[in-house]
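Have a look at the structure below, then the notes.
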Amino acid sequence: MTVILTGTGSGTVSSQPNGIDCGTTCSASFDEGVGVTLTPAATAGSQFDGWGGACAGTGSCAVTMNREQIVAARFQPVAPPPQKLAYSITEVPAVEGSTSLLANAIDGRGDIVGTYYVPNNSGEVDARAFLYDASKGTTQRIAGNDGSTIQMANGVNDSLAVALATDARPGLHQHGFLWRDIGQTEIGALPPGPNGAQTAATAINQRGWITGWSLGAKNFQRAILWDGSTLHDLGSADGNWSYGYAINIDGVVAGATSVPNDEFHQHAAVFQNGTVKDLGTLGAYTATAFGINDRG
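With the sequence shown counted from 1, adding 37 to any position gets you the numbering used here.
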């Protein structure tokens, strides 16, 4: 009988009756008709992975010596345990005494922007925007200077530039801003329809460009791109409405669009270089794209 060790692990095989002790002695002669039992033993860091040749399975193997027998024993390294991911949880500090903070976006440094809520003198609740600076561990209120009572920070980049949306009751006066600690810049609006000029800023890229939507002349929301100086109408698949929800470094926008012959549903879409790419719905009635990376 001959035993061959295979695999990238290590171990030994012994026999009963004695004769095989492989690692060192891997061949032995036994009388015809004798039953030989082979037992594998893996060394530390390895495991027995099964037999080949005259044996099968993963336990001890009994072979009858009715001819020359060749047995392969396969040992493999023990797979390391899955690496445990260690996470820490950091509570964003309260601002203006409010602990009801809703995080809307995070940048590559860990800075966070979002919305919090405070009661006003009329018994209602106002929404306000906050910026959490991860390097300082502090939270501050940020706001547009348009007299609005509803303010939402929806995006932030690594330069702490923020996409800020504001509104005022009864909710028909939305404005979009680029906010920085040195001040804010209103991004403008499309030529308005019956409900007047309205814009919402929903996301910002590393260049400080902003996407969102603006109310167009037909009184439909339209996906927009603000490139730092000009507000662009990104169109829609059927000429009606669309929304921009995410933007990458190249100014490619992901969002949603209305579609031809179906005024009640929307499809996920990508807006790039003046074209609208309909991404469909995966069989559902509606779909929306909320994120895009720098590869598109």
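Positions of the beta carbon are idealized from the N, C-alpha and C atoms, including for glycine.
* Val296 beta carbon less than 8 Å from that of Ala274 -> On the sequence shown, residue 274 is found 237 positions in, with the first residue counted as 1. On the sequence shown, residue 296 is found 259 positions in, with the first residue counted as 1. For the 8 Å CB-CB criterion, Ala274 and Val296 form a contact.
* Starting from the C-beta of Thr176, find all residues in its chain whose C-beta is less than 8 Å away, skip the five residues before and the five after it, and write them out in chain order. => Counting from 1 along the sequence shown, the entry for residue 176 is found at position 139. For Thr176, where only same-chain residues beyond five positions count, the Cβ hits under 8 Å are Val129, Pro130, Ala131, Val132, Leu138, Phe167, Leu168, Tyr169, Asp170.
* To which residues of the same chain is His302 closer than 6 Å at the C-beta, ignoring the five residues directly before and after it? -> The residue given as residue 302 occupies position 265 in the sequence shown. Cβ neighbours of His302 beyond the five flanking positions: Tyr322, Thr323.
* Asked: Pick from Arg332, Gly276, Asn256, Trp216: whose alpha carbon is nearest that of Ala240?
  -> Along the sequence shown, read from residue 1 onward, the residue named residue 240 stands at position 203. Out of Arg332, Gly276, Asn256, Trp216, Trp216 has the C-alpha closest to the C-alpha of Ala240.
* Between the C-alpha atoms of Asp195 and Thr222, what's the straight-line distance to the nearest angstrom? -> For the purposes of this step, residue 195 is identified with residue 158 of the sequence shown, where counting begins at 1. For the purposes of this step, residue 222 is identified with residue 185 of the sequence shown, where counting begins at 1. Note on geometry: alpha-carbon atoms of Asp195 and Thr222 lie some 18 Å from one another.
* To do: Could you check the C-alpha separation between Arg259 and Ala198 for me, to the nearest Å?
  => Residue numbering aside, residue 259 sits at position 222 when the sequence shown is read from its first letter. Residue numbering aside, residue 198 sits at position 161 when the sequence shown is read from its first letter. So the two alpha carbons sit approximately 23 Å from each other.
* **Beta carbon of Ala109 nearer than 8 Å to that of Gly89** => Numbered from 1 along the sequence shown, position 72 holds the residue referred to as residue 109. Numbered from 1 along the sequence shown, position 52 holds the residue referred to as residue 89. Yes, the pair counts as a contact, with Cβ atoms nearer than the cut-off.
* When you compare only the Cα positions, how much space is there between Arg104 and Ser51? -> For this step, residue 104 is matched to residue 67 along the sequence shown. For this step, residue 51 is matched to residue 14 along the sequence shown. Their Cα atoms are separated by approximately 19 Å.
* What are the start and end residues of the beta strand (DSSP E) that includes Tyr282? -> Locating residue 282 in the sequence shown gives position 245, counting from the first residue. From DSSP, the beta strand (DSSP E) with Tyr282 extends over 279-284.
* Enumerated in chain order, which unbroken segments of the alpha helix (DSSP H) with a length of 4 residues or greater are wholly contained in the stretch 199-241? -> none
* To do: Identify, in the order they occur along the chain, each residue of the same chain with its Cβ nearer than 6 Å to the Cβ of Ala237, setting aside the five sequence neighbours on each side.
  => Against the sequence shown, residue 237 aligns to sequence position 200. For Ala237, where only same-chain residues beyond five positions count, the Cβ hits under 6 Å are Ala202, Gln211, Gly213, Gly249, Trp250.
* Asked: Taking C-beta to C-beta, are His304 and Gly288 nearer than 8 Å?
  -> Numbered from its first residue, the sequence shown carries residue 304 at position 267. Numbered from its first residue, the sequence shown carries residue 288 at position 251. It is not a contact, given that the beta carbons lie outside the stated cut-off.
* **Collapsed DSSP secondary structure at Cys63 in the structure displayed** => Taking the first residue of the sequence shown as 1, we reach residue 63 at position 26. If DSSP states are grouped into helix, strand and coil, Cys63 belongs with coil.
* Asked: Is any beta-carbon of chain D found at less than 8 Å from that of Pro297?
  -> In summary, chain D is missing from the structure at hand, where a single protein chain is found.
* When DSSP labels each residue in this structure, what does Arg332 get in the three-state scheme? -> Numbered from 1 along the sequence shown, position 295 holds the residue referred to as residue 332. Here Arg332 sits in coil by DSSP.
* To do: Run through the stretch 82-126 for me and flag every whole beta strand (DSSP E) of 3 or more residues, listed as ranges in chain order.
  => DSSP runs (the beta strand (DSSP E)) wholly in the stretch 82-126: 83-90, 98-101, 107-114.
* Just curious, the beta strand (DSSP E) that Leu316 is in, first and last residue? -> The residue labelled residue 316 in the question sits at position 279 within the sequence shown. Its beta strand (DSSP E) spans residues 312-317.
* Measuring CB to CB, does Tyr280 end up less than 8 Å from Phe327? -> Residue numbering aside, residue 280 sits at position 243 when the sequence shown is read from its first letter. Residue numbering aside, residue 327 sits at position 290 when the sequence shown is read from its first letter. With contacts defined as CB atoms closer than 8 Å, Tyr280 and Phe327 fail to qualify as a contacting pair.
* Beta-carbon gap between Phe85 and Met38 smaller than 8 Å -> Translated into positions along the sequence shown, residue 85 becomes position 48. Translated into positions along the sequence shown, residue 38 becomes position 1. No. Outside cutoff.
* **Backbone secondary structure at Thr76 - three-state DSSP** => Taking the first residue of the sequence shown as 1, we reach residue 76 at position 39. Three-state DSSP puts Thr76 in a strand.
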